[in-house]
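Contents: one structure, followed by commentary.
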Amino acid sequence: NKSNKLISIDKARENKFTCDWDNYNPIKPTFEGIKYFDNIPVEEIIDYIDWTPFFNAWGFNSRYPKVLENNKTKNEAQKLFDDGKTLLNQAIKEKWFDTKATIGFYPANSSEDDIILHGQKFNLHHLRQQTAKKGKKPNYCLSDFIAPIDSGKKDWIGGFAVTAGFNVEKIGQNFADKNDDYKSIMIKVLGDRIAEALAEKMHEKVRTDLWGYSKNESLKNDDLIKEKYVGIRPAPGYPSCPDHSEKIALFNLLDIKNNSNLQLTESFAVYPASSVSGWYFSHPDSKYFGLSRIDKEQLIDYAKRKKMEEEQLVKIFPQIIDL
């Protein structure tokens, strides 16, 4: 099967995504370093909620609002939706959410599959697609969207971490202790929605104001959910960058240890669970992609660049390695 055949990492790099860097000038963010946003009003976040995963979490496969229109699902789905909104209103009234965001912008250039951070003691490491591509399709790596170091262009990468706060888990546990499993699950599902909606809201603020590369954007929530905006916010652990351990670099850049309650677990999950973190890329051609699979050669090369043992990395993203 041609579409699943792997090519060598050297060949994949030869087929990288390139743009006309000579005629592209990256937009400078309004600040470099970190800014903190505390107690963001939940009322301002609600409009950014994508409700489809809310219903998915309860076992419905269809999208919102169709799930409320389908004769088979509408009664049960409507009850869930009403219960969810009632609990959400209570959460807002009683201030259960502790919404915080940390955002940073850093001068950067790319060097092959890595992103060089100027003025930092470490760089960012990425993996490249290795499946054979048909036609003129490139083998993508996230570093392709940052100006190469030899282009002479100044570029930047952004980082973010947002959370709905620690109370979500405490309140979920309180409900569980009272044998109210329904509300215990419901508040966690709502916490996840608030965190994702806050990520959406802050990304819009980044595009239109803080980085300001897309000042005239005016998109409805549906368009935001469909990602019709310029730029991307990939999260470590997701298909474009499956290495969860890159969150260490992200958290170091954002100085999370000194400025936020967020923590990384041993398996690099973010605690509390109702949190989202990732990178901001501003390039107009930047897009999400899946890595599919990589071979041992790329794994060895990546382990060297990261100064980590191959075995450690295999444990972090076993699903993509073709040994």
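So in the numbering used here, spot 76 of the sequence shown is number 78, and the numbers just go up one at a time.
Just so it is clear, CB atoms sit at the ideal spot from N, CA and C, and this is done for glycine as well.
These figures come from a predicted structure and were not determined experimentally.
Counted within 10 angstroms of its Cβ, other Cβ atoms place residue i as buried (16 or more) or exposed
| i | result |
| --- | --- |
| asparagine 72 | exposed |
| asparagine 3 | Confidence is the limiting factor: at asparagine 3 the pLDDT is only 41, short of 50, which leaves the residue's position unreliable and the question unanswerable from this model. |
| proline 43 | exposed |
| threonine 101 | buried |
| leucine 90 | buried |
| isoleucine 250 | exposed |
| lysine 190 | buried |
| glutamate 45 | exposed |
| phenylalanine 147 | buried |
| aspartate 157 | buried |
| glutamine 300 | buried |
| phenylalanine 57 | buried |
| isoleucine 302 | exposed |
| alanine 271 | exposed |
| glutamate 311 | exposed |
| isoleucine 173 | buried |
| glutamate 16 | exposed |
| glutamine 131 | buried |
| lysine 203 | buried |
| phenylalanine 33 | exposed |
| glycine 61 | exposed |
| phenylalanine 19 | buried |
| serine 269 | exposed |
| proline 286 | exposed |
| serine 288 | buried |
| glutamate 198 | buried |
| glycine 137 | exposed |
| proline 31 | buried |
| aspartate 12 | exposed |
| tyrosine 66 | buried |
| glutamate 96 | exposed |
| tyrosine 184 | exposed |
| aspartate 115 | buried |
| serine 10 | exposed |
Within-7 angstroms CB hit, residue i to chain B
| i | result |
| --- | --- |
| glycine 280 | Absent here is chain B; the protein component of the structure consists of one chain. |
Bridge partner(s) assigned by DSSP for residue i
| i | result |
| --- | --- |
| lysine 37 | Ile105 |
| aspartate 324 | Asp297 |
| proline 150 | Ser112 |
| leucine 8 | Thr133 |
Endpoints, alpha helix (DSSP H) assigned at residue i
| i | result |
| --- | --- |
| serine 186 | 183-207 |
| threonine 54 | 54-59 |
| valine 170 | 169-179 |
| threonine 32 | Careful: threonine 32 lies outside any alpha helix (DSSP H) and carries neither H nor E. |
| asparagine 91 | 76-95 |
| lysine 317 | 312-318 |
| glutamate 45 | 44-47 |
Rounded Cβ spacing between residue i and residue j (contact assumed at less than 8 angstroms)
| i | j | result |
| --- | --- | --- |
| isoleucine 105 | leucine 192 | So it is not a contact: roughly 24 angstroms between Cβ atoms. |
| alanine 163 | leucine 256 | 6 angstroms |
| leucine 264 | threonine 165 | 6 angstroms |
| valine 278 | alanine 201 | 4 angstroms |
| isoleucine 51 | isoleucine 117 | Rounded, the Cβ-Cβ distance is 31 angstroms, inconsistent with contact. |
| arginine 209 | glycine 280 | Going by Cβ atoms, the distance from arginine 209 to glycine 280 rounds to 14 angstroms, so no, they are not a contact pair. |
| leucine 119 | phenylalanine 283 | Wrong, their Cβ atoms sit about 14 angstroms apart, outside the cutoff. |
| proline 150 | asparagine 125 | Actually they do not touch by this definition, with Cβ atoms about 14 angstroms apart. |
| leucine 8 | aspartate 324 | 6 angstroms |
| leucine 293 | proline 244 | 6 angstroms |
| phenylalanine 2 | alanine 103 | With the chain covering 3 to 325 only, the question about residue 2 has no answer from this structure. |
| proline 28 | lysine 155 | 6 angstroms |
| phenylalanine 99 | isoleucine 196 | 6 angstroms |
| leucine 252 | glycine 167 | Going by Cβ atoms, the distance from leucine 252 to glycine 167 rounds to 19 angstroms, so no, they are not a contact pair. |
| tyrosine 304 | leucine 129 | 6 angstroms |
Residue interval of the beta strand (DSSP E) (run including residue i)
| i | result |
| --- | --- |
| isoleucine 159 | 157-165 |
- Can you list, in chain order, the stretches of the beta strand (DSSP E) that have 3 or more residues and sit fully within the stretch 100-129? 102-113, 116-119
- Identify every run of the beta strand (DSSP E) within the stretch 223-284, keeping only runs that are complete inside it and at least 3 residues long; order them along the chain. 277-282
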